[in-house]
Amino acid sequence: MARNSVYSPLRRALVLIIVGLALLAMVPSASHATSTEVRDGWAVLGSPYSFENLVKRVEFAASDHGIGIVTRASATIGAKRALDVDIPGNMVMGLFHPRFAVRMLAASISAGIEAPIRLYLTENDDGTTTLSYKIPSHVFAPYMDEGGAELGTLANELDELFSSLTGQAVGTN
0 MARNSVYSPL RRALVLIIVG LALLAMVPSA SHATSTEVRD GWAVLGSPYS FENLVKRVEF
60 AASDHGIGIV TRASATIGAK RALDVDIPGN MVMGLFHPRF AVRMLAASIS AGIEAPIRLY
120 LTENDDGTTT LSYKIPSHVF APYMDEGGAE LGTLANELDE LFSSLTGQAV GTN
């Protein structure tokens, strides 16, 4: 019981810190673009769905692909709760599964810092949404010398899984 009584306040504090950092990093200003820009090693997918609908579609697609949503941080929710400020839909969802973690850590302990793979959901001015993420093989590229072929194989499998999952979520496959 002592563990739970200490764990719960620590968990709440950690969540508040993460939300606060997300707010600082993600609250758009007038000088920032309203959609996510294409970057090397990123997949950026447009979606006709509302922000709330895209969140539900990602949840369904993750379940359908046998992968868990292990983290969530929403600047939108944090801004509303902490500051009573309304901002467009904005959420980071971390997806992973222990079956991948075991293989990743067997190949490279250092690569563990990169899990979970994060999806970034943003609401556009016209009510559509954008789903973007760093492609797993790009995320794990710095660890290939340590992780070798095993990490490369896992990264390629994750590339395929995330491509399929995100395509399902935005409605392209």
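Following numbering that gives the first Met the number 0 from start to finish, the sequence shown increments by one per residue and tops out at 172.
A virtual CB, placed ideally from N, CA and C, is assigned to each residue, including glycine.
Being a predicted model, the structure only gives us computed values, none of them experimental.
Sequence-distant residues of its chain with Cβ nearer than 7 Å to S107 (five each side left out): Y142, E145, G146 and L150
Cβ-heavy atom distance, G65 to the ligand SAM, below 8 Å: This structure lacks the ligand SAM; in fact it carries no ligand of any kind.
Cβ neighbours of I116 in the same chain (closer than 8 Å, five flanking residues each side left out): G93, L94, F95, Y132, K133, P135, V138, L157 and F161.
Unbroken alpha helix (DSSP H) run spanning I76, endpoints: A74 to G77
Residue interval of the alpha helix (DSSP H) (run including V54): F50 to D63
Cα-Cα separation, G111 to A81: G111 and A81 have their C-alpha atoms roughly 31 Å apart.
Short Cβ contact (9 Å threshold) for L153 with R71: No, these two residues do not count as a Cβ contact at 9 Å.
S131 in three-state terms, based on DSSP: strand
Sequence-distant residues of the same chain with beta carbon closer than 6 Å to S28, five excluded per side: Legend: pLDDT at S28 = 38, less than 50; position of this residue unreliable, no value from coordinates given.
Own chain, CB closer than 6 Å to F50, minus 5 neighbours either side, in chain order: G88, E122 and T128
Residue interval of the beta strand (DSSP E) (run including S109): S109 -> no beta strand (DSSP E), and no H or E assigned at all.
Residues bridged to F161 [DSSP beta-bridge criterion]: Answer by DSSP bridge pairing: none, since F161 is not bridged.
Neighbour-count burial assignment, A105, 16 or more Cβ in a 10 Å radius: Flag for A105 reads exposed.
Same chain only: Cβ atoms within 8 Å of S163, ignoring 5 sequence neighbours per side: H64 and N172
Exposed unless 16 or more other CB atoms sit within 10 angstroms - verdict on A42: buried
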